[in-house]
Structures are given as C-alpha cells and as structure tokens.
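There are 2 protein chains.
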Amino acid sequence: MTADTHAASPLDSLRAAYAGRLWSEPADMAPFLTDWRGKWTGPALAVAQPADTAEVAQLLAWCHAHGVPVVPQGGNTGLSGGSVPEAAGQHLPLLLSLTRMHRVRQVDALNNTLVVEAGATLQQVQDAARAAGRLFPLSLAAEGSCTIGGNLATNAGGVQVLRYGNARELCLGLEVVTPEGEVWNGLRTLRKDNTGYDLRDLYIGSEGTLGVITAAVLKLFPLPAAQVAALVAVPSPGEALQLLALAQQRLGASLTAFELLSDTCLSLVLQHVPGARRPLAEASPWYVLLEVSVTGAEEGATDQAQQAIEGVLEAAMEAGWVADAALSATLAQFEALWALRENISEAQGAEGPTIKHDIALPISRIPDFIAHTDAAVAAAFPGLRQVVFGHLGDGNLHYNASPAISSPDAAGRAAFLALEAPLNRLVHDAVHAAGGSISAEHGLGVLRRDESARYKAPLELLLMQRIKAALDPAGLMNPAKLLPETPVAHRP
Amino acid sequence: MTADTHAASPLDSLRAAYAGRLWSEPADMAPFLTDWRGKWTGPALAVAQPADTAEVAQLLAWCHAHGVPVVPQGGNTGLSGGSVPEAAGQHLPLLLSLTRMHRVRQVDALNNTLVVEAGATLQQVQDAARAAGRLFPLSLAAEGSCTIGGNLATNAGGVQVLRYGNARELCLGLEVVTPEGEVWNGLRTLRKDNTGYDLRDLYIGSEGTLGVITAAVLKLFPLPAAQVAALVAVPSPGEALQLLALAQQRLGASLTAFELLSDTCLSLVLQHVPGARRPLAEASPWYVLLEVSVTGAEEGATDQAQQAIEGVLEAAMEAGWVADAALSATLAQFEALWALRENISEAQGAEGPTIKHDIALPISRIPDFIAHTDAAVAAAFPGLRQVVFGHLGDGNLHYNASPAISSPDAAGRAAFLALEAPLNRLVHDAVHAAGGSISAEHGLGVLRRDESARYKAPLELLLMQRIKAALDPAGLMNPAKLLPETPVAHRP
C-alpha cells in the first residue's frame, strides 16, 4: 500500500494488500458485472468478496490510496442499474460483493432489534426474526436473493410500507465503511438518539455513493396472530380511495396492506400463472387487495380479522364503492389472493417487453392522475397496453406498459421499445406536475439519474453535490449513479 | 446589500435591506435572548420576526453577505440552550424568531397530510389536524408554546413515540432557507420518494446549524375512537419490562404509550399538584402508565379498550408481574391518570433545583441499568434523591435528581448544584457503557455539546463536521450549538 506499488499492475498491488477472495478472470467476474435483467453491464478491475468489515475497510483503503473506484453490490436485484459498473467509466472499478457477509450478529427480542451484516438476504433476516418470535416486516418480490444492505442502500419499499414504513423506517443504526476505509460504528440499538446529524438516514438511500453499509440494526415487531386478505371489486380508483379512507379510519394500524390493480393486471396473471383462479364471479375494471393483521391470542384471531374487514366492506357496499369481495378463510386462500398481486410483474413479462414507471403521488390525486394520464397515453401511444397496479395506501403506482399484441416479433419489440423515452417523458411530466416522484421505491441508479435531475430544482442538486463532495471527496464511490456526473454550477 | 454598506453600522444596513419587524432595543430583545428556564443568555445584533419565507431568505442573504451569524428560534422552550445566542460569541448574531409564521398552508385529509409554517405551535398543528377529523400525534408538555419548526429542528419526542415515532417520523417534507438565503422547496406530500440523498432527515434534528426550517409537511392519522389509560403497580423495572413485552404482543399498535415512574415521582406529584389523588390503595415501588387507543366505531370502543387492557393485566398478575391496577372509565379519569405522569417535572421543580438526564438505552438493559446506576449514585452522592421516570416503551428515561431535603437554602442549593458535573459524568459514563445515548429527545444545544463529543468516535464527529462545512461553509448558522467549535483533526 505504498506509493510505488502504483507503478506495478493495480491488480498485483491489490492481491498483495488483500488476502481475501478476489476474482479477476472474465468468466468468474461475469455474474457480477451485469444486472439480473441484462439491461446494464460494465467492466471491472476485479471482484472482491470480503468476509468481514475489516476486509471491506482494507479494500476501500487500498482503492482510496490508488484512486480506484468502488461499486458495492448486494444481491444484484435492483431495477435501476445501480449495482453494476458503468459501461464507459474512465477507471476500472473494484466490484465489492457483500454476499459473503451474512452473519446475524445479535437478536434482542426484548429490545425488538436484530443486528445483521449487509450481505444477508432479506429472507434470512425475516427468518432470523421469526426464529426469535418476531416479525421483520420488509417484504418484496426479490426477498430470496436481495440483501438487506441493498435494501437499505436503496431504501426499498414493498407491500407492508403502509403499516411499517420503508427500509429507512425499519433501521435504527448502521455500520458503514467510508471511502477512506474507516469504519463508522453507528450500530445503536436505540429508538431515540438526538446527538447530532442524522448520518444513518443519509447513508440509507444513497445507493452506495457515499460509503459501504456493512451491517445494520433492524426494528422487529410482534408476530401477528392472524392475517386475512380480501380481493375487492371497485368501479374505479376513485372508489378505491374512498375505501382506503374508510378502512384506515375503521381498522387503524391493523390495515397492513392496501394494493390497487386493474382488470388488465388480473387477466394477465390468470392467463400466465399456473393455478391462478379468478376469485370473484364477475370481472371488475379495478380491484383492491387489502390485508388485515391482528395481534393478541391466536384463538379467534382469524374470525376477528374477517369481521373487521366485513364491517368495512358492508359500509362500502352501502355507499356504492364496492361491488363484490372475496375474503381468505385459510392460509392457502390468503396466499392465493396475494399471488394474484405478486405475480403481476412476472405475468406482464410473459407478454413481451415492458416499460415501467415506479411513481409516487399524493394519494388524494391518484384517481385524477390515472384518468388523465391513461387518456393522454392512449391518445399519444395507441400501440400499447397500460398495466397499472401498485401500493395505493402509499401513493405508489407501478404505472407500466406492454405491447398491444403479446409476444411481438423483433420489429414489434423494437417499435414498442422506441416508445420508452417519449412515454417516460409524458408520464414523468404528469407526475411532476402533480407534485409526485419519478422513483418511489426503486431508486435512481443510472436508469432515472438524468431524468430525476431534469425535474429537481438546481438548489436541491447543488445540496446533494455538496454532500457527495463532503463524504466522498475523491469521488470514488459508485461513480455515475444517483447524481449526474456534470457538477451543478455553484451559486453565489 | 452592496459591499460598502459594511462600512456603516450593520444595523443600519440591515434596516435598509429588510423592511419587516426588527427589534434592537434591549428591552424589546430581552425575551428572545434568554431561555425559559433562565439558564442561558447571550447578546444579539437585533431580533427579526419575518412574516414569510421570502423575508427569511432576505434576512439570511443579508447575514451571509455581511458575515453575521444567525440564531433561529421557535417557541424558545428547548431544554438544551439551543435557541438563544451564545454568551461569548465573537460576532453579534441576528436572532431570527419564526413565531409570526404560523399559517396552515394546506390540509389534505384524503392524503393524510398537513402543510404548516414553522412558527405554528404544536397545539395549533394538533388543532388543525383535529378540525380535519385527523390526529397529529406529536405531544409533549410544552405543546402550547413550542413551535413545530423547533420540534423538527430538535427531532422532539414525547409520550406517543412508541406508536407514532419522533418528529422525524411524522414529517414527509420540508421547506428550508439555506445559509446563503436560498429557498429549498422540499415540501413533498409523498409517502415514498427515492430520488437522491435524504436532505429532509439531515435538516431534522440539526438544531438550526445547517439552515432554517420555514415550513413542513406533516403526517396525519385517523382519530382514535376511544382511549383508555391504566396505572399499574409493578415491583420493579424488570416486571415493567415483562409487562411491556406482553402488552406489545397482545395489543400491537393499539398500545400507544408505556411510561414508567417510581413511587418517588408519584409522591412528589401527590404532594405538589392540587387535586392529584393516589389511584391505587397501596403504594408500590414502581408504576407503569399505559395507554390503549382503538379505532373503528365509537360505540363500545371504550369497553373494547378496557377489555384489551384487562386481558393483558390478568395474564401479568398471574405471572406475578403486576400487583394492582386502576383503569380509566371516563375522559376525566383518563386525564387524571395522565396528569400523574405529566406533572412529574413540575412537581420535581417545586422541591428545589434539579439535575436532569435525558437518556436512551436498549430497552432490554433498562432494569439492570437502573439497579446498578441507582446504587452507584447513592454510594457516590448520598445527599440527593433520585427521581426516575420516562418513556419505557422507547427506552428513554428522564433519570433526574433532586436535593435530599426540599426547598434547600442558598448553601444547600449551591451544594446540590455542585454535584451536577460529577453526577453527569457518572450517569453518562454508565449510559455510554450500556450502548445508550446521552440525549434521547432534548438535543445537544450547548448543554450536551461537549459531553456528547466526549463519547462519540472521532470519525463520527469528523463526518458531522464535514456535513456542517458542506451546508454552512461560512459557519454562520447557530454557532457553538450541537458540534464543538474546535474542528476535529482530519484523518488520512
């Protein structure tokens, strides 16, 4: 790690400084250098898989000393290209895979906390909590392979945000290795700590551009005694919104999910997912999937949850907001109803290429937004199908599109994908005009980096650039992600 | 605002640049320059009371151009001296009082959000939410005079954190004026927004040292249909902790408060607060005050809440954790039980001077912490009474002390107050050893600034100094608060 090693090959110098697992053959590195959807790929100097925080620190110190960029990676399941090297970086980066660091360091059931290393999968975290008789509520499609470090680096969302919040709200403390290779131990297992700036929330959601999250303290919750789901037919998103307000008022925190999906979404699932069955006799333009979780004694808990839902649905039917509903009575039915929602992305993928928008809006504006934007999209882009679903309770829509005809040929695919940029522009302009966000839960990565900068005020970008410069002065951490490369002009 | 105005008196230049309300006579300024407990006081160039965000921006731009420090102030009810000028600052600051900015800009009941200016009192915010049929749950003793801007600047806590979180968790967006006098509009009314660094949470809790919060988007919740409180006699904090775990498992999110108080605290309230009555036949060394809130229809809601508490207490009595309990059946009884907890500080004040510690610990370690620290304090400082209470559900204790004899004479007061520094050291060393925080909800201000720096790792202080330098490069915002003045030595 002396200056003269710079003269030799950087890889030799890295090998000399770091005795841990290091891949440099193209075949070994390949799985780390392309995202899982095959949309982004970029070269690396090497792939390191450190075994512990000390090794991460050693690697980052070496990178800092040699001016080598670092691309941190968890499960490589991101949707915005944040976890692979940029295609045309000036300097080859070290890809830092955290997946070998997956130890649960501590579970404190009385304190409702769990300390875990960044490379543990979300599923492993959920399992460790359950083994202690507790719930870790973060839940999303990739949970079997995404890592908790990646979830925190991107502030992941999912289907339980309505009740429990995003990844940020489920984290009490972090351990972070700085770009200089120093270890910040912020692993506080405390619910309250007002002793200075909130470094934790700055690293959360920073997509690896400020440092490397190596461990985290997570909040645990009591396990629910029972959960009941209901698929509810509603005429339009407007009635879904009325139902949401009523359900929140009546059910409070026991309302743990409130999802919206169009009949287009449900039909795709029924068509493509083996075993999927329509739970209601008649089709409806829109559906709500809601979930109620109750605490307390297990005996009678399912009945209690069902009665709570039925009370809400009766009032909603009287008001004309709800046409029909199916409630789960068993765990199998509960899982079957959820599968209708969770398999939408997969079913949409079976139809051919997709264009996705992960948007957030003030919840009260969603019905108008859908009505106006659907009409504008239909007028401007007659050649596509709108596939709209999402977490209505959080104001988060996956406002997606598929080709009009399923499984198009090469020319059809190309024609559809040529719509991506103008469709993004139309949808995101509408989101911006409604006071929304163009990345609700997927982060910016490279996919939304420049679009986001287009909508942000120059002052906000300037403040972010200053923070980047303050915490990563050499600019080595996950280059070209989250913030545009061109520095924003400084203001007076 | 040209350079040559510097030659004239700064006050004349400020008057010329700013047409709003400005006080510079000592008698007019006095109420703003000393904190409400009279512990800290410092001089100012002038006191400005801007009417809107544009005026705040104008004032900060002038201060920036003239190198004049700025001390932002809300209701001036803080406990750590953060809201008044430092006594011995090198340059006289402008005191910026936000109290004239108290407009509710927007209430969106369907989106469960409220946009309000920083100078509104917490009570005004609660009232505006209630007028829209919603709950804003932040609640603390000073709510009639503290401002929401101050609550956010210090990340205030209070009695409902267990269910709803601190001020930080109740805020979706901010408007901030930077030290350069520019306005950052981060007033997003969104539940999810992953488009860059979390500026919001960085300004929250920064105690006015990075910029001035001028408005905020707050989260609203359904109003509960009924609330029931119970005062529960427990033999020791250990049994209180067992009761907490059971209550969380059985009651989930309907458990909205879980407070611990010693018999010393209750006795002080019974002695000093007119109308206070002991609700249980026999005294107990410790008590829990818990609160259950239920949603849904109002009819039968109180019964439902009582039954829920009774179910938990029966099981706890069988386990030997609970000796006796009193439940509220009416609103008057509910308020009377809460008054026993809320009047502890006032009752303690009636005994003479106080030494306070606002500490947080891993909840599971609290019984051991109290046992060991009580013994250590008793051994080292036989001449004082320990007055221990707090938010057990959040791991936050107000670990206070009073003189052994009430209303001591001047010599007795002086002798007691001489114990402050060594007692702080003993208690805070114990907190630090247990992985706790020496400021759970009161912030650092000047009171805990240097003590906090003593316990923090140099790297953490360095990261905070870098953020300070990035967002307030001229070092004008609330000087000498939160961070020690001496810069931390930079590391390699």
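Protein chains in written order, with the numbering used here: chain A, 24 to 515; chain B, 24 to 515.
Quick reminder that beta carbons are idealized off the backbone N, C-alpha and C, glycines included.
Beta-ladder partner(s) of residue i, from DSSP
i: B:Lys242; result: B:Thr136
i: B:Tyr6; result: A query on residue 6 of chain B cannot be resolved here, the shown segment of chain B reaching from 24 to 515 and no further.
i: A:Tyr310; result: A:Ala256, A:Leu284
i: B:Leu225; result: Answer is none; B:Leu225 lacks a bridge partner.
i: A:Asn99; result: The partner list for A:Asn99 (beta bridge, DSSP) is empty, contrary to what the question assumes.
i: A:Met487; result: According to DSSP, A:Met487 bridges with nothing at all.
i: B:Cys194; result: B:Leu241
i: A:Gly209; result: A:Leu197
i: B:Ile389; result: DSSP output for B:Ile389 lists no bridge partner at all.
i: A:Arg157; result: A:Pro245
i: B:Arg44; result: B:Gln72
i: A:Asp417; result: BP columns for A:Asp417 are empty, so no partner.
i: B:Gln250; result: B:Ser316
i: B:Leu266; result: Partner(s): none; B:Leu266 has no beta bridge.
CB contact below 9 Å: residue i versus chain A
i: B:Trp85; result: no
i: B:Tyr422; result: no
i: B:Gly209; result: yes
i: B:Asp452; result: no
i: B:Lys491; result: yes
i: B:Thr201; result: yes
i: B:His414; result: yes
i: B:Gly90; result: no
i: B:Arg22; result: Because chain B is modelled from 24 through 515, residue 22 of chain B falls outside the range shown and cannot be assessed.
i: B:Glu192; result: yes
i: B:Ser475; result: yes
Cβ-based neighbour list, residue i, same chain, cut-off 8 Å, excluding 5 preceding and 5 following
i: B:Phe357; result: Gln250, Val251, Ala252, Ser351
i: B:Thr57; result: Trp63, Thr64, Val107
i: A:Arg514; result: At A:Arg514, the pLDDT of 42 sits below 50, so the modelled position is not reliable; the number obtained from the coordinates is stated separately. Cβ within range, chain order: Pro481, Leu482, Leu485.
Beta-carbon proximity list for residue i, same chain, < 7 Å, skipping 5 on both sides
i: A:Val292; result: Ala299, Leu363, Asn366, Ile367, Ala370
i: B:Leu449; result: Ala399, Val400, Ala403
i: B:Ala263; result: Val257, Leu283, Trp309, Val311, Leu415
Residues near residue i in its chain [Cβ-Cβ closer than 6 Å; skip 5 each side]
i: A:Leu313; result: Ala253, Phe281
i: B:Pro49; result: none
i: B:Pro245; result: Thr318
i: A:Gly167; result: Gln146
i: B:Ala342; result: none
Below-9 Å beta-carbon distance, residue i vs any chain B residue
i: A:Leu37; result: no
i: A:Ala401; result: no
i: A:Lys479; result: yes
i: A:Asp391; result: no
i: A:Leu350; result: no
i: A:Asn189; result: yes
i: A:Leu233; result: yes
i: A:Val251; result: no
i: A:Ala320; result: yes
i: A:Ile428; result: no
i: A:Gly323; result: no
Residues that residue i contacts on chain A, provided the C-beta gap is smaller than 7 Å
i: B:Pro245; result: Gln271, Gln272, Gly275
i: B:Asn174; result: Neighbours of B:Asn174 on chain A: none; closest Cβ ~12 Å, over 7 Å.
i: B:Ala268; result: Leu133
i: B:Leu505; result: Gly219
Listed by chain order, chain B residues near residue i by CB distance under 8 Å
i: A:His465; result: Asn217
i: A:Pro385; result: Asp131, Asn134, Thr136, Thr212, Leu213
i: A:Ile461; result: Thr218
Closer than 9 Å at the beta carbon, the chain B residues around residue i
i: A:Asn419; result: Leu213, Arg214, Lys215
i: A:Leu494; result: Leu486, Arg489, Ile490, Ala493
Proximal residues of chain A, C-beta to C-beta of residue i below 8 Å
i: B:Met487; result: Gly219, Tyr220, Leu222
Interface partners of residue i on chain B, CB under 7 Å
i: A:Ser368; result: Within chain B, no residue comes near A:Ser368; the closest Cβ sits about 18 Å away, beyond 7 Å.
i: A:Asn178; result: Asn217
Amino acids of chain A, ordered along the chain, whose beta-carbon sits closer than 9 Å to that of residue i
i: B:Leu482; result: Thr201, Glu205, Val206, Trp207, Asn208
i: B:Gly458; result: Leu210, Arg211, Thr212, Leu213
Uninterrupted alpha helix (DSSP H) stretches inside the segment 104–155 of chain B (no shorter than 4 residues): Counting only runs of 4 or more, we get 145–154.
Where in the segment 311–366 of chain B do unbroken runs of the alpha helix (DSSP H), each at least 4 residues long, occur, reported from the N-terminal end onward? Runs of alpha helix (DSSP H) with 4 or more residues, each lying fully within the segment 311–366 of chain B, are found at 324–341, 354–365, listed in chain order.
Could you tell me which whole beta strand (DSSP E) segments of length 3 or greater appear in the segment 453–482 of chain A? Here no run is fully enclosed.
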